[in-house]
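Shown next, in structure tokens, is the structure this report addresses.
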Amino acid sequence: MQIDQHKCVACSNCIAVCPVGAIYIDPRVNRATATWTSAWSVTPATTG
139 MQIDQHKCVA CSNCIAVCPV GAIYIDPRVN RATATWTSAW SVTPATTG
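If you want the working numbering, it's the position in the sequence shown, counting the first as 1, plus 138.
This is how it looks when you write it as structure tokens:
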């Protein structure tokens with residue numbers, strides 16, 4: 139997943155629609171940021 143930092147206006151609409159909860163607004167830069175750790179924590183493990 140990539141966020142276009144030049145187009146992000148920190149509206150937070152992407153947070154509500156992210157299926158894995160991997161996006162948050164970083165207050166240090168006031169832009170959306172993706173984090174893979176939250177995506178992995180809600181994605182069930184697969185085998186095989």
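Each residue gets a CB set at the ideal place from its N, CA and C atoms; glycine is no exception.
Helix, strand or coil at residue i according to DSSP, with G and I counted as helix
i      : result
Ala172 : strand
Ile163 : strand
Ile153 : helix
Beta-carbon contacts of residue i that lie in its chain and below 8 Å, excluding the five residues immediately before and after
i      : result
Ala141 : As written in the sequence, residue 141 is Ile, which differs from the Ala given in the question. Same-chain partners within the cutoff: Cys152, Ile161, Arg169, Ala170, Thr171 and Ala172.
Ala148 : Ile163, Asn168, Arg169 and Ala170
Residues near residue i in its chain [Cβ-Cβ closer than 6 Å; skip 5 each side]
i      : result
Asp164 : Thr171
His220 : A question about residue 220 goes unanswered here, because the residues of the chain that appear run from 139 up to 186.
Spatial neighbours of residue i in its chain, beta-carbon cut-off 7 Å, leaving aside the 5 residues before and after
i      : result
Ser150 : Ile163
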